[in-house]
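Residue numbers (numbering that gives the first Met the number 0): 0 to 90. Okay, structure first, notes after.
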Amino acid sequence: MLERKPRKDRTEVTFVLPAGTPPGPVSVVGDFNDWQPGTHTLTPRSDGSRAVTVALPGKSEHSFRYLAAGDYWFDEESADSHDGLNSRVHT
0 MLERKPRKDR TEVTFVLPAG TPPGPVSVVG DFNDWQPGTH TLTPRSDGSR AVTVALPGKS
60 EHSFRYLAAG DYWFDEESAD SHDGLNSRVH T
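Put into structure tokens, the structure is as follows:
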């Protein structure tokens with residue numbers, strides 16, 4: 000799930016996954032972090048879900064995927080769109 004908070008010149012996008020699905024550490028990897036695993040690792044929230052917030056430029060589009068333990072790549076089903084293998088978020 001994606002949550003958005005518009006700011007003056009950017010949008011804070013929070014990437015959210017349910018607790019334990021998939022198990023182990025998960026990071027969001029995309030063009031906004033040069034596709035570097037571990038840069039934006041999801042951390043537990045009080046409700047048990049896991050999340051990480053990334054500030055992205057306003058009125059932009061970005062490709063991303065999730066990377067879980069065991070080199071398991073997966074997409075965001077509720078992304079704004081999909082581009083081949085990647086999920087897309089529009090700010």
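Glycine included, every Cβ here is placed at the ideal spot set by N, Cα and C.
query, result
"Bridge-paired residues (DSSP) for residue 29", "63"
"Residue span of the beta strand (DSSP E) that contains residue 5, given as start and end", "1-5"
"Residues bridged to residue 91 (per DSSP)", "Residue 91 falls outside the range modelled here, since the chain spans only 0 to 90, and no answer is possible."
"Cβ-based burial, residue 71 [other Cβ within 10 Å; buried from 16]", "exposed"
"Close Cβ partners of residue 10 (< 6 Å) along its chain, the five nearest in sequence each way excluded", "3, 55, 57, 90"
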